[in-house]
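Protein sequences appear in the order of chains U and Z.
Residue 124 in numbering that gives the first Met the number 0 is what sits at position 125 of the first sequence, and the numbering runs on without skipping anything.
Residue 53 in numbering that gives the first Met the number 0 is what sits at position 54 of the second sequence, and the numbering runs on without skipping anything.
Working notes for the structure below.
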Amino acid sequence: MEKKSFLLPHCCQIIGWWLLGLVAVLCITFVIISYNAGAGAAEVGDFTRNLYAFGFYFLPNIALLLICLSREKEEDEYISFIRSRSVFIVVVFGFVGGMLLSAFAGYSFRMMSAEFVGRFMMYAQWFPNRAVLAIVYLLIFKGTLFVNKLKSRGNGE
Amino acid sequence: MENNLRVERAIKRISQAQLAEAIGVSRQTIFAIENNKFVPSTELALRLSAYFGKTVNELFWLTDGK
Numbered sequence: 000m001e002k003k004s005f006l007l008p009h010c011c012q013i014i015g016w017w018l019l020g021l022v023a024v025l026c027i028t029f030v031i032i033s034y035n036a037g038a039g040a041a042e043v044g045d046f047t048r049n050l051y052a053f054g055f056y057f058l059p060n061i062a063l064l065l066i067c068l069s070r071e072k073e074e075d076e077y078i079s080f081i082r083s084r085s086v087f088i089v090v091v092f093g094f095v096g097g098m099l100l101s102a103f104a105g106y107s108f109r110m111m112s113a114e115f116v117g118r119f120m121m122y123a124q125w126f127p128n129r130a131v132l133a134i135v136y137l138l139i140f141k142g143t144l145f146v147n148k149l150k151s152r153g154n155g156e
Numbered sequence: 000m001e002n003n004l005r006v007e008r009a010i011k012r013i014s015q016a017q018l019a020e021a022i023g024v025s026r027q028t029i030f031a032i033e034n035n036k037f038v039p040s041t042e043l044a045l046r047l048s049a050y051f052g053k054t055v056n057e058l059f060w061l062t063d064g065k
């Protein structure tokens, strides 16, 4: 019985990880350039600024998308089961967490200072952020796989 | 649900890795099934029963005795 998988091939995951590495390199170089530019940060230039906007926004999202939607090297039904469970946890995390935070923000508008609410909302907006959700998903999924691999070692002979 | 996969594997003197390779799944899957952490699909259960030369009911059973 052949099953059709909607996941991308494993090579796409490798490409995604390389892209994330490239983003890390861009971040480091941007920090170095900004530090050296100092008060003359405006001199960085439009081209460089656009390049880094591309590197900080577009590339990470593409990389995370490739990694999350790609097959593992060994993809079977148990791995798919762990994947589904990880997605469920992330949905709960993003949806319920965002809902609770919005409710708390609505409550705190009346009770807290505007500055506190503003700062709170600044951090709360990260909850439904797609990059954060993707990272949480990867932490749960890859973490579960890693823990299972450790547990199964030396227990199967 | 429980199973005696570990016993059958010991009778055949094969490791989890060898069984996994023969069935076409990962070693983690075999480990999870043996430790009742994961219920295999019908297809996987049939493959395991065919490999060991047993029926599915001889390999897997419900814990409430039904």
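Virtual Cβ for every residue (Gly too), placed ideally from N, Cα, C.
Only a predicted model underlies this, so the values are computations on that prediction, with no experimental measurement involved.
Item to check | U:Ala38 classed as buried or exposed, judged by whether at least 16 other C-beta atoms fall within 10 angstroms | outcome: Note on U:Ala38: pLDDT 48, under 50, position unreliable in the model; the coordinate value appears next. Exposed is the call here.
Next on the checklist: Is it the case that the segment 88-100 of chain U contacts the segment 32-39 of chain Z, given that we only count it when at least three CB pairs across the two stretches are under 8 Å?
Outcome noted: Flag = no, the segment 32-39 of chain Z and the segment 88-100 of chain U do not touch.
Item to check | Three-state secondary structure (DSSP) of Z:Lys11 | outcome: Here DSSP, grouped into helix, strand and coil, assigns Z:Lys11 to helix.
Next on the checklist: I need the boundaries of the alpha helix (DSSP H) containing Z:Asn3, first residue and last residue.
Outcome noted: No alpha helix (DSSP H) holds Z:Asn3; DSSP gives it neither H nor E.
Checklist entry - So does the segment 130-140 of chain U actually touch the segment 8-18 of chain Z, counting three or more Cβ pairs closer than 8 Å? => result Short answer: they don't touch.
Checklist entry - Would U:Leu63 count as contacting chain Z if we go by Cβ distances under 9 Å? => result So, not an interface residue.
Next on the checklist: Run through chain U and tell me which residues come within less than 7 Å of Z:Asn37, C-beta to C-beta.
Outcome noted: Checking the displayed sequence, the identity of residue 37 of chain Z turns out to be Phe instead of Asn. Near Z:Phe37 (Cβ distances below 7 Å), the residues of chain U are Tyr77, Phe80.
Next on the checklist: Against Z:Ala49, what residues of chain U qualify as contacts under a CB-to-CB distance less than 8 Å, listed in chain order?
Outcome noted: Neighbours of Z:Ala49 on chain U: none; closest Cβ ~14 Å, over 8 Å.
Item to check | Contact set for Z:Leu61: own chain, Cβ-Cβ below 6 Å, skip 5 residues either direction | outcome: For Z:Leu61, where only same-chain residues beyond five positions count, the Cβ hits under 6 Å are Met0.
Item to check | Neighbour-count burial assignment, U:Pro59, 16 or more Cβ in a 10 Å radius | outcome: Counting Cβ neighbours within 10 Å, U:Pro59 comes out buried, since at least 16 surround it.
Next on the checklist: Looking only at its chain, what residues have a beta carbon closer than 8 Å to the beta carbon of Z:Tyr50, apart from the 5 residues adjacent to it on each side?
Outcome noted: Around Z:Tyr50, the same chain offers Leu18, Ala21, Ile22 as residues with beta carbons nearer than 8 Å, after the five sequence neighbours per side are excluded.
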